[in-house]
Amino acid sequence: MKRVITVLSAITILLLLGMTAIFMTSCSEEISLSSSCDKILCTGTDEDGNYYELVGNQYEDALGVEIELGIIKNNTWLVELTDSFPFLNDNGMFRTTHYTIGGIIDEDLYSYPVSSNIQFITSGAFVIEKYIEASSFWAEDEKVLCFFSCKTLKSTELSLNEYNIPIKPYDGYCTEDDDLLLYGISGEKRDEWLLFNVNTFEMKSMGKHKKGAYPIRPVSEGLIFASDECFYNTNFEKVIDISEYNIDLSAKSTLCFEEETGNCCFYVTNPQGKRYFIVIDKTGKIVSQRQESD
233 MKRVITVLSA ITILLLLGMT AIFMTSCSEE ISLSSSCDKI LCTGTDEDGN
283 YYELVGNQYE DALGVEIELG IIKNNTWLVE LTDSFPFLND NGMFRTTHYT
333 IGGIIDEDLY SYPVSSNIQF ITSGAFVIEK YIEASSFWAE DEKVLCFFSC
383 KTLKSTELSL NEYNIPIKPY DGYCTEDDDL LLYGISGEKR DEWLLFNVNT
433 FEMKSMGKHK KGAYPIRPVS EGLIFASDEC FYNTNFEKVI DISEYNIDLS
483 AKSTLCFEEE TGNCCFYVTN PQGKRYFIVI DKTGKIVSQR QESD
């Protein structure tokens, strides 16, 4: 009987060890996809809670170095590593750079000529800033935004010599419809406000501002605050005007927005030198105004 119990105990231990091994293997598989890559270049989570990783590998053989990029979604390949990933070309966003330091050659995957500024917009797209040096002394260097949509798997580029985005990160400049707010700074698009969808890449014009005011940021439900201290909707209609308060827009702490209520909060100083904290709702009605203590 003791021998039977001993055998059963041994079998139980083996089964437990086997289950533990399977569990550990499973856990290992959960973390191995991106950790097996040379570089995790950028990560982000979209509005639905999906987790994305932009990853890269490089290989060297007799013909030189090859770079591959890919995208992982929730630990599953959304775009498998490939050397034909968008923007990988002679003017591309990644290439291998060699540095010699004290006789030692350091080879790695550097984002050149791109800056290290790679972002993920929660609407579901990676945004990479790319710099293109001018081909001649008289020409102008170009700054380009490269977009890759994780929803449509499409890519495009947008020149910041033609359009501008007043603030970063770009996430703070997206509306609820996945539209990135831009304004034109050259040519026929000058002073024009535009909505650029980061997944479909559709560009819609809101209209031109005669005074040259530019959008500061979207607030809520299509409301956009502008540099003329007014709020506009996406139909380019002025909804709220707080210009009478003479807000100092150069002070970042002057203006804030409550995400839950959509209320706008700001500090002003009256002609008597008294400082007030004012809260207005989405219709422009004053909710409260409180004098700040000295």
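Using my numbering, you'd call the opening residue of the sequence shown number 233 and step up by one each time.
Ideal Cβ positions, reconstructed from N, Cα and C, are used throughout, including at glycine.
Since we're looking at a predicted model, the values are computed, not measured.
Item, Value
"Rounded C-alpha distance that separates I303 from D411", "22 Å"
"Neighbourhood of V511 by C-beta, 6 Å cutoff - its chain only, sequence neighbours within 5 removed", "N495, C497, V519 and S520"
"K514 in three-state terms, based on DSSP", "coil"
"Residue environment, S343, which counts as buried when at least 16 other CB atoms sit within 10 Å", "Note that S343 has pLDDT 42, beneath the 50 cutoff, so the model's placement of it is unreliable and the number below is only indicative. When all chains shown are included, S343 counts as buried."
"Distance between beta carbons of S268 and P318, contact taken as under 8 Å", "Not really, about 22 Å apart at Cβ, beyond 8 Å."
"Per DSSP, cross-strand counterpart(s) of L390", "L377"
"Reference S316, options N289, T308 and G416, closest by Cα", "N289"
"Cβ-Cβ distance between G516 and I448 below 9 Å", "no"
"T277 versus K470: straight-line alpha-carbon distance, rounded", "34 Å"
"Close beta carbons around Y508, own chain, < 8 Å, minus the five adjacent residues each side", "Y499, V500, T501, N502, Q521, R522, Q523 and E524"
"Secondary structure of Y221, DSSP reduced to three states", "This structure does not reach residue 221, given that the chain is present from 233 up to 526, and the question cannot be answered."
"Cβ-Cβ separation, I456 to L413 (assumed contact under 8 Å), whole Å", "7 Å"
"Euclidean distance between Cα positions of E285 and G505", "51 Å"
"W425 vs K443 beta-carbon contact at 9 Å", "no"
"Three-way DSSP call (helix, strand, coil) for G281 in this model", "coil"
"Host beta strand (DSSP E) of Y446 (start-end)", "Counting along the chain, Y446 falls outside any beta strand (DSSP E), and DSSP gives it neither H nor E."
"8 Å contact criterion, which N282 and N307 should meet: CB distance rounded", "N282 to N307, Cβ: 11 Å. No contact."
"Per-residue DSSP class, three states only, for S267", "helix"
"Helix, strand or coil at K470 [DSSP, three-state]", "strand"
"7 Å Cβ shell around D322 - same chain, five flanking residues per side excluded", "Since pLDDT at D322 reaches only 47, below the 50 mark, its modelled position is unreliable, and no value is offered."
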